[in-house]
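Colleague:
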RNA sequence: GGGCCGUUAGCUCAGGAGGUAGAGCAUCUGCCUUUUAAGCAGAGGGUCGCUGGUUCGAGUCCAGCACGGCUCACCA
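Numbering (my numbering), first residue to last: 504 to 1022.
#1: Where do the N-terminal and C-terminal ends of the alpha helix (DSSP H) with residue 561 fall, by residue?
#2: What are the residues that DSSP puts in a beta bridge with residue 967?
#3: Going along the chain, which residues of its own chain have a beta-carbon closer than 8 angstroms to the beta-carbon of residue 970, five neighbours each way excluded?
#4: Quick check on DSSP: helix, strand or coil for residue 1007?
#5: Below 8 angstroms on the Cβ atoms is my guess for residue 891 versus residue 860; work out the distance and round it to an integer in Å.
#6: Cα separation between residue 559 and residue 658?
#7: Please identify the residue among 921, 632, 1001 whose C-alpha is closest to the C-alpha of residue 850.
#8: Where does the unbroken beta strand (DSSP E) through residue 567 begin, and where does it stop?
#9: Look at the alpha carbon of residue 702 and the alpha carbon of residue 883, and state the distance between them as a whole number of angstroms.
#10: Could you tell me which residues DSSP pairs with residue 520 in its beta bridges?
#11: Please give the ranges of any beta strand (DSSP E) in the segment 924-994, keeping only runs that are unbroken, at least 3 residues long and fully inside the region.
#12: Can you give the Cα-Cα distance for residue 895 and residue 660, rounded to whole angstroms?
#13: By how many angstroms is the C-alpha of residue 529 removed from the C-alpha of residue 733?
#14: In the DSSP output, which residue or residues are listed as bridge partners for residue 814?
#15: Residues in its own chain within less than 7 angstroms of residue 1018 by CB, not counting five upstream and five downstream?
#16: For residue 842, report the span of its beta strand (DSSP E) as first-last.
#17: Under a three-way DSSP split, which group does residue 690 fall into?
#18: Roughly how many angstroms separate the alpha carbons of residue 814 and residue 674, rounded to a whole number?
#19: CB-CB under 7 angstroms to residue 547, same chain, minus the five flanking residues each way: which ones, in chain order?
#20: Kindly list the residues whose CB is nearer than 8 angstroms to the CB of residue 832, restricted to its own chain and excluding five residues on each side of it in sequence; keep chain order.
#21: Using CA atoms only, rank isn't needed, just tell me which of 965, 976, 615, 582 is closest to residue 535.
#22: Going by other Cβ atoms of all chains shown within 10 Å of its Cβ, with 16 needed for buried, is residue 656 buried or exposed?
#23: Since residue 706 and residue 758 are thought to touch, with beta carbons under 8 angstroms apart, how far apart are those beta carbons, to the nearest angstrom?
#24: What's the gap between the Cα of residue 563 and the Cα of residue 931?
#25: According to the neighbour-count rule (16 or more other Cβ atoms, all chains shown, within 10 Å of its Cβ), is residue 538 buried or exposed?
#26: Using only alpha-carbon positions, find the residue among 928, 935, 650, 956 that is nearest to residue 995.
#27: How is the beta strand (DSSP E) around residue 544 delimited, first residue to last?
#28: Please classify residue 737: does DSSP put it in a helix, a strand, or coil?
#29: Using CA coordinates, which residue listed in 735, 731, 582 is at the minimum distance from residue 722?
#30: Mind checking whether residue 928 and residue 812 have CB atoms under 7 angstroms apart?
#31: For residue 612, report the span of its alpha helix (DSSP H) as first-last.
#32: Smallest Cα separation from residue 975: which of 801, 944, 804, 679?
#33: Jot down the residue ranges of each uninterrupted beta strand (DSSP E) in the segment 864-911, minimum 3 residues, whole runs only, in chain order.
#34: Tell me, please, which residues DSSP counts as bridged to residue 825.
#35: Where residue 596 and residue 772 are concerned, what is the direct C-alpha to C-alpha distance, given to the nearest angstrom?
#36: Taking the Cβ atom as the reference point for each residue, do residue 1013 and residue 670 lie within a distance shorter than 7 angstroms?
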């Protein structure tokens, strides 16, 4: 089944057969691994360009073609054969007959297996069943598949094998290719979107002496020459804001973040994040921009405003907007007796709400509010929101008015200093985006870092570290700025109807197939 | 980390209430010059994830372990 399991007799048999055939192919005078093939078209091109050409038209035109690809099926008929040649995306049928290709070439064909890579030249025609087909007059051997491909009808369905051997998954499961083509289109569209609005794309360090910009556990590595530990970044945020200080007033970055945390259908240790920052702006403007971005990416990639995801229709036409407190009230499990928005402003009210929620949740399997006795009001509200509302946010919904304790890098709300000007966007119960007006008061930022340090000393490994140079940068003056992060993998999940993040990451992290040999 | 489920031929899957392993595709041999999950006739191919246990006898029952999936927790 896998590289590391010892080959069975059948395995050896199949490989040995193909090895034998390769030797015979060499004996016929072919190079086993030729270096190139001059092709003039592809299966996809032919299928597109000649879909309307009739049998008669093709017969009179006798259009010459020269293409390469992988043999996906072979149907032999003695002195002739049909096969399908794939260019990776599409398959076109080829027809090989002894009296057309000649004896030498037909011998070569008989030594080919499904999976082999060949070049073919000939002309187009339509068969009895009207299938567009290449009538081959010459075959070129390009490379041998020494291992058999998965079964032609069912493909490769074993999830583990699909992730570990993505190349096989891509060869035999066309929808997988489609997913990753679409992922590429999404990212290209997003780049165009920001480029067109005057943002410049930048690259900031992935190896950082301090892992800042988010609350998460980092991976640690070491630079030998400098003899220093470095962290793989958990976010690019603090570097991007340094660029805002430097006068790059609109910047964005699309690249990997690394977080040393759990793996799930929504979390991979490395994942792709879009972050963008704009000077002289606030989080309200970003809500509008986010709506515009997502609505247009959906229109461009999916078409229309509706996305089907996991059996639900998600409309990108109009996004809901709720305060965090409002969402707790709105999605309270017992809609007849929700807490009041006002009660959720006090510690006592929040504790009562958490208690009441947990009492009701105990009877079911719904999530409980996890909070310690010394939890602050902001922590309680955050926990309450997660337990009560987060999973209910199927349609695109902005949640705003976040507690300051949960947001060490966000600007305080002018009227309610316990809250910050921040929002998150939820779709299909997933957190998709996180944005805020950036804290640009260096003194307040220093206080927030110190507050985080106290949490860190209290055992919170995810609390933010002190970043003196970032404080220094802010003290040169940062314009009022708004910034946002959008999870590219999760957007891709939504737009490809993928329920697992591993289906939108080409090579998701897996344990080794065999445990490392300990001596 | 908890719970549930899975691991049998290269691939996709069967194996009732323990009795020494099956199919289709793939492979091999033969036939076949318009097929398309081509067809016909025949053949080979298995450490039943690993290690123990129960039993006269284990793919099947039990325990532990490995890997994976789903889910809960964790995680913004």
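Quick reminder that beta carbons are idealized off the backbone N, C-alpha and C, glycines included.
Given the structure is predicted, the values throughout are model-derived calculations rather than measurements.
Modeller: So, to answer that:
#1: Mapped onto the first chain, residue 561 falls at position 58. Taken as a continuous stretch (DSSP letters only), the alpha helix (DSSP H) holding residue 561 covers 558-564.
#2: Indexing the first chain from 1 puts residue 967 at position 464. As DSSP reads the structure, residue 967 sits in no beta bridge.
#3: Position 467 of the first chain holds residue 970. Excluding positions up to five away in sequence, the list reads 713, 715, 741, 952.
#4: Numbered from its first residue, the first chain carries residue 1007 at position 504. Coil at residue 1007, not helix or strand.
#5: Taking the first chain and counting its residues from 1, one reaches residue 891 at position 388. Taking the first chain and counting its residues from 1, one reaches residue 860 at position 357. With a Cβ gap of about 6 angstroms, residue 891 and residue 860 count as contacting.
#6: As a position in the first chain, residue 559 is number 56, starting the count at 1. As a position in the first chain, residue 658 is number 155, starting the count at 1. Their backbone Cα atoms lie some 36 angstroms apart in a straight line.
#7: Within the first chain, residue 850 is the residue found at index 347, counting from 1. The alpha carbon of residue 850 has as its nearest neighbour, out of 921, 632, 1001, the alpha carbon of 921.
#8: Start at 1 with the first residue of the first chain, and residue 567 comes out as number 64. Counting along the chain, the beta strand (DSSP E) containing residue 567 begins and ends at 567-579.
#9: On the first chain, position 199 is the one that residue 702 refers to. On the first chain, position 380 is the one that residue 883 refers to. Looking at the two C-alpha atoms, the distance is approximately 37 angstroms.
#10: Working through the first chain from its first residue, we reach residue 520 at position 17. In the DSSP output, where bridge partners are listed per residue, residue 520 has none listed.
#11: 933-940, 984-990
#12: For the purposes of this step, residue 895 is taken as the residue at position 392 of the first chain. For the purposes of this step, residue 660 is taken as the residue at position 157 of the first chain. Looking at the two C-alpha atoms, the distance is approximately 32 angstroms.
#13: Here residue 733 refers to the residue found at position 230 of the first chain. Here residue 529 refers to the residue found at position 26 of the first chain. Taking the straight line from one Cα to the other gives about 52 angstroms.
#14: For the purposes of this step, residue 814 is taken as the residue at position 311 of the first chain. DSSP, once it has assigned bridges, lists no residue as partnering residue 814.
#15: Your numbering for residue 1018 matches position 515 in the first chain. At residue 1018 the pLDDT is 44, less than 50, meaning the model places this residue with poor confidence; the figure from the coordinates comes in the next sentence. Counting only Cβ-Cβ distances below 7 angstroms, and skipping sequence neighbours, we find nothing.
#16: Looking up residue 842 in the first chain gives position 339. Segment: none, residue 842 is in no beta strand (DSSP E) and carries neither H nor E.
#17: Along the first chain, one-based indexing puts residue 690 at 187. Residue 690 falls in the helix class under three-state DSSP.
#18: Within the first chain, residue 814 is the residue found at index 311, counting from 1. Within the first chain, residue 674 is the residue found at index 171, counting from 1. A straight-line Cα-Cα distance of about 28 angstroms links residue 814 and residue 674.
#19: On the first chain, residue 547 is found 44 positions in, with the first residue counted as 1. If we look at residue 547 and ignore the five residues flanking it on each side, its Cβ neighbours are 590, 592, 593.
#20: As a working note, residue 832 is residue 329 in the first chain. If we look at residue 832 and ignore the five residues flanking it on each side, its Cβ neighbours are 841, 842, 843, 844, 847.
#21: Position 32 of the first chain, counting from 1, holds the residue named residue 535. Of 965, 976, 615, 582, the residue nearest in Cα terms is 615.
#22: If you number the first chain from 1, residue 656 lands on position 153. The residue is exposed, with fewer than 16 neighbouring Cβ atoms inside 10 Å.
#23: For the purposes of this step, residue 706 is taken as residue 203 along the first chain, with counting starting at 1. For the purposes of this step, residue 758 is taken as residue 255 along the first chain, with counting starting at 1. With a Cβ gap of about 7 angstroms, residue 706 and residue 758 count as contacting.
#24: For this step, residue 563 is matched to residue 60 along the first chain. For this step, residue 931 is matched to residue 428 along the first chain. In a straight line, the C-alpha of residue 563 is about 55 angstroms away from that of residue 931.
#25: To locate residue 538, count along the first chain from 1; it is residue 35. With fewer than 16 Cβ atoms within 10 Å of its Cβ, residue 538 is classed as exposed.
#26: Counting from 1 along the first chain, the entry for residue 995 is found at position 492. Nearest C-alpha to residue 995: 935.
#27: Here residue 544 refers to the residue found at position 41 when the first chain is read from its first residue. Looking at the DSSP string, residue 544 is not in any beta strand (DSSP E), and its letter there is neither H nor E.
#28: Position 234 of the first chain holds residue 737. If DSSP states are grouped into helix, strand and coil, residue 737 belongs with coil.
#29: Indexing the first chain from 1 puts residue 722 at position 219. Taking the Cα of residue 722 as reference, the smallest distance to any Cα among 735, 731, 582 is reached at 735.
#30: Position 425 of the first chain, counting from 1, holds the residue named residue 928. Position 309 of the first chain, counting from 1, holds the residue named residue 812. At the C-beta level, residue 928 and residue 812 stay beyond 7 angstroms of one another.
#31: For this step, residue 612 is matched to residue 109 along the first chain. Run containing residue 612: 606-613, per the alpha helix (DSSP H) assignment.
#32: Reading the first chain from its first residue, position 472 is the one you call residue 975. For residue 975, the nearest C-alpha among the options comes from 944.
#33: 900-906
#34: By one-based count along the first chain, residue 825 stands at place 322. DSSP output for residue 825 lists 902 as bridge partner(s).
#35: Within the first chain, residue 596 is the residue found at index 93, counting from 1. Within the first chain, residue 772 is the residue found at index 269, counting from 1. Between residue 596 and residue 772, the C-alpha separation is close to 42 angstroms.
#36: Translated into the one-based positions of the first chain, residue 1013 becomes position 510. Translated into the one-based positions of the first chain, residue 670 becomes position 167. Contact: no.
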